[in-house]
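Here's the structure we're looking at; comments come further down.
Residue numbers (our numbering): 69 to 845.
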């Protein structure tokens with residue numbers, strides 16, 4: 069093949085479902101890669117181009133450094149030419165724990181620390197003394213966290229229950245756990261009597277806590293200074309130093325902070341602790357010397373608590389007073405943040421509280437000030453979480469990166485982002501095994517004339533639906549004041565599809581996901597949190613059918629059901645049931661190969677000799693959901709559990725596909741399928757179109773209609789205007805973001821919004837409508 073230096077050239081890409089894909093991506097241009105969910109977009113862009121760029125870049129470093137960098141396995145392809153260093157801006161949560169804030173992430177805080185160390189009166193000293201992450205600058209009371217956790221014993225203990233009845237209300241202390249045994253099954257240790265079954269227990273495990281004497285309760289909660297024995301799981305005895313519930317809980321769950329805990333532990337702990345603002349620093353995180361240092365009466369914590377738009381005005385006011393690079397550097401960074409629609413954030417905002425869209429834009433902002441050129445910037449659906457108003461700003465940001473001499477590569481479904489592309493690559497034609505091919509390359513105008521699924525939906529803009537449903541009642545929220553909500557009242561109609569709209573940061577999620585669900589706890593919430601999966605989770609295990617399938621195999625052949633589990637007895641001894649073997653080659657890249665012993669089946673060879681209806685257990689895992697439902701299983705309980713997976717458009721997934729390999733859109737729909745048929749309920753969706761192609765949005769709306777028609781109430785927080793047009797009722801929050809939002813600015817039908825509302829959402833809704841008669845009420 070003749071070398072083409074004007075393009076990134078990929079030849080024979082075969083990652084996941086790619087079928088030997090060959091394509092050319094113009095350098096120095098903005099290219100959008102689109103296609104239905106699961107078609108193979110991410111396999112091309114992230115699994116092949118991004119990984120190979122980062123892998124080859126790492127090879128330029130000495131072995132000592134390379135061994136400390138992330139390891140990337142070589143993707144499956146024949147040839148890639150003209151790669152530039154890739155910077156990947158994905159949707160992964162920003163994270164960083166309690167100590168990470170918008171100010172630390174964007175590196176504005178270090179600039180402000182220099183400003184106050186030079187010009188604050190009185191100066192606290194060097195800039196590190198203004199850092200809440202430095203022992204010399206942090207508040208000594210809360211260690212720079214700004215808040216303290218306090219165990220609430222009334223929430224932790226159910227005093228009407230005994231230890232055997234689960235009196236300690238925390239998952240790690242549940243009946244049967246190791247921690248529970250340390251209180252419910254212990255006796256005082258006496259040397260020489262360790263195996264004496266008649267030893268007197270320290271606590272009566274059947275006695276309700278309310279009947280404990282003060283001495284017994286103090287011992288349970290705060291006791292120490294003696295040893296105990298208890299039986300372990302092997303019928304031996306364990307000898308331990310006794311530690312009361314309070315010191316053990318504080319040491320294990322309070323001192324590390326909530327962000328240091330695993331997700332399940334954190335949720336369980338949040339229910340029994342009270343988080344209070346630190347009384348010493350009043351949430352400012354800093355010690356007294358740093359807080360006493362001021363510029364025009366404001367300290368550095370006051371600066372960080374301002375909305376970024378207001379902080380820009382404050383720094384502009386004092387900029388002329390001090391020549392030099394400090395204030396201009398701070399202003400440049402802050403203006404970049406404001407330029408992407410995040411001027412409502414504060415520098416003190418914890419990064420763990422940011423939405424996916426906010427986090428992604430902040431990651432992008434960090435690259436705007438870079439002097440690097442000739443890079444490849446790769447974005448994963450940057451429009452996620454953005455109002456149409458903010459997508460305009462995002463587009464300018466993408467074009468700015470391109471105009472600096474970079475190649476911009478975007479995986480995206482949004483019409484408005486596709487519209488700014490210099491070049492479009494459409495992957496398809498379908499999903500899973502039906503995808504993995506390039507079905508279109510060309511300009512946006514050519515895409516609009518194409519016959520691909522993307523082309524048809526790109527040019528066909530939906531209008532308002534013909535009629536809306538009448539509500540059967542209402543679910544009220546009164547006087548909501550959480551975060552930026554301004555004594556907000558709202559009525560959510562029942563028996564209809566309600567879409568809550570508004571610019572990013574206006575208070576939609578606070579109103580619905582926080583306040584509404586707190587006041588109406590019966591609501592089923594499907595939010596943007598990750599699916600609870602591990603690398604061994606599959607559609608078969610996630611739907612709960614696998615235990616039934618294994619028992620059916622076991623019953624037919626008269627053997628143990630665990631023989632048919634690739635996580636237990638049936639697992640291939642070579643790969644331990646993974647189907648692949650990853651070899652770590654020290655300073656070289658790791659290599660993953662299909663296990664030669666089981667040939668990727670995950671099972672021992674003798675297990676594969678057992679067949680039911682002409683298939684062995686591994687062949688059953690190779691069935692797609694649709695094949696399994698329609699052609700193989702007759703058990704109604706199995707068919708019933710598979711049906712929702714097919715309903716949400718994931719019928720092409722095989723039963724054994726690891727869920728960790730699914731795209732973001734596929735994972736979102738897996739969660740929806742899991743709770744699809746809970747009837748007579750209130751469903752709350754937080755941006756359900758996340759990761760969905762325009763064609764898949766239509767399928768989603770069909771599902772939401774089905775839920776409503778079955779007697780449910782559906783509430784969706786959503787930016788996608790196709791969803792808003794399809795609503796029976798719209799609640800628009802605004803008018804702006806942050807302190808400029810938090811109010812209901814419109815309620816009514818989509819037709820009423822389009823006809824007369826004066827809000828940002830109404831403006832874009834009207835602009836997106838084709839010439840069509842509006843829906844009747």
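We put the beta carbon where it would ideally sit given N, CA and C, even for glycine.
In this text the structure is predicted, and so the values were computed from the model without any measurement.
- Query: Which stretch, first to last residue, makes up the beta strand (DSSP E) that contains residue 215?
  - Reply: Numbered from 1 along the chain shown, position 147 holds the residue referred to as residue 215. It spans 215-219 - the beta strand (DSSP E) in which residue 215 sits, taken as one unbroken run.
- Query: In chain order, what residues of the same chain have a beta carbon less than 6 Å from the beta carbon of residue 813, not counting five sequence neighbours either side?
  - Reply: Locating residue 813 in the chain shown gives position 745, where the first residue counts as 1. Same-chain partners within the cutoff: 800, 802, 803 and 827.
- Contact set for residue 506: own chain, Cβ-Cβ below 7 Å, skip 5 residues either direction: Your numbering for residue 506 matches position 438 in the chain shown. So the list reads 89, 91, 493 and 495, once near-sequence residues are dropped.
- Task: Compare the beta carbon distance of residue 832 and residue 235 with 8 Å and say whether it is the shorter of the two.
- Result: As a working note, residue 832 is residue 764 in the chain shown. As a working note, residue 235 is residue 167 in the chain shown. The answer is no: Cβ separation not under 8 Å.
- Message: Between the alpha carbons of residue 167 and residue 201, how many angstroms are there, rounded?
- Response: The count along the chain shown starts at 1 and reaches residue 167 at position 99. The count along the chain shown starts at 1 and reaches residue 201 at position 133. Using only the alpha carbons, I get a separation of about 7 Å.
- Item | Residue range of the unbroken alpha helix (DSSP H) whose run includes residue 373 | Your numbering for residue 373 matches position 305 in the chain shown. It spans 368-373 - the alpha helix (DSSP H) in which residue 373 sits, taken as one unbroken run.
- Message: Can you check whether the C-beta of residue 505 is within less than 8 Å of a C-beta belonging to chain B?
- Response: Chain labels in this structure do not include chain B; a single protein chain is all it has.
- Those runs of the beta strand (DSSP E) which lie wholly inside the segment 393-430 and span at least 3 residues: none
- Give the single residue among 394, 384 and 81 whose Cα lies nearest to the Cα of residue 179. The residue labelled residue 179 in the question sits at position 111 within the chain shown. The shortest Cα separation from residue 179 among 394, 384 and 81 belongs to 394.
- Message: Please report the straight-line C-alpha distance between residue 796 and residue 616, rounded to a whole angstrom.
- Response: Locating residue 796 in the chain shown gives position 728, where the first residue counts as 1. Locating residue 616 in the chain shown gives position 548, where the first residue counts as 1. About 41 Å.
- Item | DSSP-derived helix/strand/coil call for residue 605 | Stepping through the chain shown from its first residue, residue 605 is reached at position 537. Coil at residue 605, not helix or strand.
- Task: Give the straight-line distance between the Cα atoms of residue 798 and residue 569, rounded to the nearest whole angstrom.
- Result: What you label residue 798 is simply residue 730 of the chain shown in a count that begins at 1. What you label residue 569 is simply residue 501 of the chain shown in a count that begins at 1. Whole-angstrom Cα-Cα distance: 7 Å.
- Which residue from 100, 152 and 108 puts its Cα closest to that of residue 123? Position 55 of the chain shown, counting from 1, holds the residue named residue 123. Cα-wise, what sits closest to residue 123 is 152.
- Message: In the DSSP output, which residue or residues are listed as bridge partners for residue 751?
- Response: Within the chain shown, numbered from 1, the residue matching residue 751 stands at position 683. Answer by DSSP bridge pairing, in chain order: 592 and 782.
- Query: Between which two residues does the alpha helix (DSSP H) containing residue 445 stretch?
  - Reply: Taking the first residue of the chain shown as position 1, residue 445 is located at position 377. Segment 444-448 is the beta strand (DSSP E) holding residue 445; no alpha helix (DSSP H) there.
- Query: Under a three-way DSSP split, which group does residue 665 fall into?
  - Reply: Position 597 of the chain shown, counted from the first residue, corresponds to residue 665. In the structure shown, residue 665 sits in coil (DSSP, three-state: anything other than H, G, I, E or B).
- Task: Report the option in 693, 783, 716 and 523 whose CA atom is closest to the CA atom of residue 579.
- Result: The residue labelled residue 579 in the question sits at position 511 within the chain shown. Nearest of 693, 783, 716 and 523 to residue 579, Cα basis: 783.
- Message: Suppose you measure from the CA of residue 666 to the CA of residue 135; what does that come to, to the nearest Å?
- Response: Here residue 666 refers to the residue found at position 598 when the chain shown is read from its first residue. Here residue 135 refers to the residue found at position 67 when the chain shown is read from its first residue. Approximately 31 Å between the Cα atoms of the pair.
- Under 8 Å by Cβ, that's how I've got residue 752 and residue 480 pegged, so tell me the actual separation to the nearest angstrom. Numbered from its first residue, the chain shown carries residue 752 at position 684. Numbered from its first residue, the chain shown carries residue 480 at position 412. Contact doesn't hold; Cβ gap of about 26 Å is too wide.
- Task: Could you pull out every unbroken beta strand (DSSP E) segment of at least 3 residues lying fully inside the segment 166-230, listed in chain order?
- Result: 215-219
- beta strand (DSSP E) segment containing residue 797, residue limits: By one-based count along the chain shown, residue 797 stands at place 729. Counting along the chain, the beta strand (DSSP E) containing residue 797 begins and ends at 797-802.
- Query: Buried or exposed: residue 662, going by 16 or more other Cβ atoms within 10 Å of its Cβ?
  - Reply: Taking the first residue of the chain shown as 1, we reach residue 662 at position 594. Classification for residue 662: exposed.
- Task: Assign residue 810 to one of three DSSP states: helix, strand, or coil.
- Result: Residue 810 sits at position 742 when you count from the first residue of the chain shown. Residue state, collapsed to three classes: coil.
- Along the alpha helix (DSSP H) that carries residue 523, what are the first and last residues, could you check? What you label residue 523 is simply residue 455 of the chain shown in a count that begins at 1. Where residue 523 is concerned, the enclosing alpha helix (DSSP H) stretches over 521-527.
- Minimum C-alpha distance to residue 645 - residue among 669, 628 and 624: As a position in the chain shown, residue 645 is number 577, starting the count at 1. Selected option, being the one with the closest Cα: 669.
- Contacts around residue 725, its chain only, beta-carbon distance under 7 Å, and the 5 residues preceding and following it disregarded: In the chain shown, counting from the first residue as 1, residue 725 sits at position 657. 606 and 607, listed in sequence order.
- What is the rounded straight-line gap between the Cα of residue 80 and the Cα of residue 108? Position 12 of the chain shown holds residue 80. Position 40 of the chain shown holds residue 108. So the two alpha carbons sit approximately 14 Å from each other.
- Between residue 788 and the rest of its own chain, which residues show a CB-CB distance below 7 Å, the 5 nearest in sequence each way excluded? Here residue 788 is taken as the residue at index 720 of the chain shown, counted from 1. Hits under 7 Å: 757 and 765.
- Query: What number of angstroms, rounded off, separates the C-alpha of residue 275 from the C-alpha of residue 339?
  - Reply: Walking along the chain shown from the start, residue 275 turns up at place 207. Walking along the chain shown from the start, residue 339 turns up at place 271. Near 24 Å, if we compare the C-alpha coordinates of residue 339 and residue 275.
- Item | Endpoints, alpha helix (DSSP H) assigned at residue 288 | In the chain shown, counting from the first residue as 1, residue 288 sits at position 220. Residues 282-290.
- Query: Would you say residue 225 and residue 273 are within 8 Å of each other, going by their C-beta atoms?
  - Reply: Here residue 225 corresponds to residue number 157 of the chain shown, with the count starting at 1. Here residue 273 corresponds to residue number 205 of the chain shown, with the count starting at 1. No, the Cβ-Cβ distance between residue 225 and residue 273 is not below 8 Å.
- Contact under 8 Å by Cβ, residue 583 with residue 528: In the chain shown, counting from the first residue as 1, residue 583 sits at position 515. In the chain shown, counting from the first residue as 1, residue 528 sits at position 460. No, these two residues do not count as a Cβ contact at 8 Å.
- Query: So is residue 145 buried or exposed if we call it buried at 16+ other beta carbons inside 10 Å?
  - Reply: For the purposes of this step, residue 145 is taken as the residue at position 77 of the chain shown. It is buried - the Cβ of residue 145 has at least 16 other Cβ atoms within 10 Å.
- Query: When we look at the beta-carbon of residue 655 and count the other beta-carbons within 10 Å, is it buried (16 or more) or exposed?
  - Reply: In the chain shown, counting from the first residue as 1, residue 655 sits at position 587. In this prediction, residue 655 has a pLDDT of 48, which is less than 50 and means its spatial position is unreliable; what the coordinates show is noted afterwards. It is exposed - the Cβ of residue 655 has fewer than 16 other Cβ atoms within 10 Å.
- Item | Local conformation of residue 297 per DSSP, three classes | As a working mapping, residue 297 is identified with position 229 in the chain shown. The answer is strand: DSSP assigns residue 297 an E or B state.
- Within this structure, are the beta carbons of residue 759 and residue 449 separated by less than 8 Å? On the chain shown, residue 759 is found 691 positions in, with the first residue counted as 1. On the chain shown, residue 449 is found 381 positions in, with the first residue counted as 1. It is a contact, given that the beta carbons lie within the stated cut-off.
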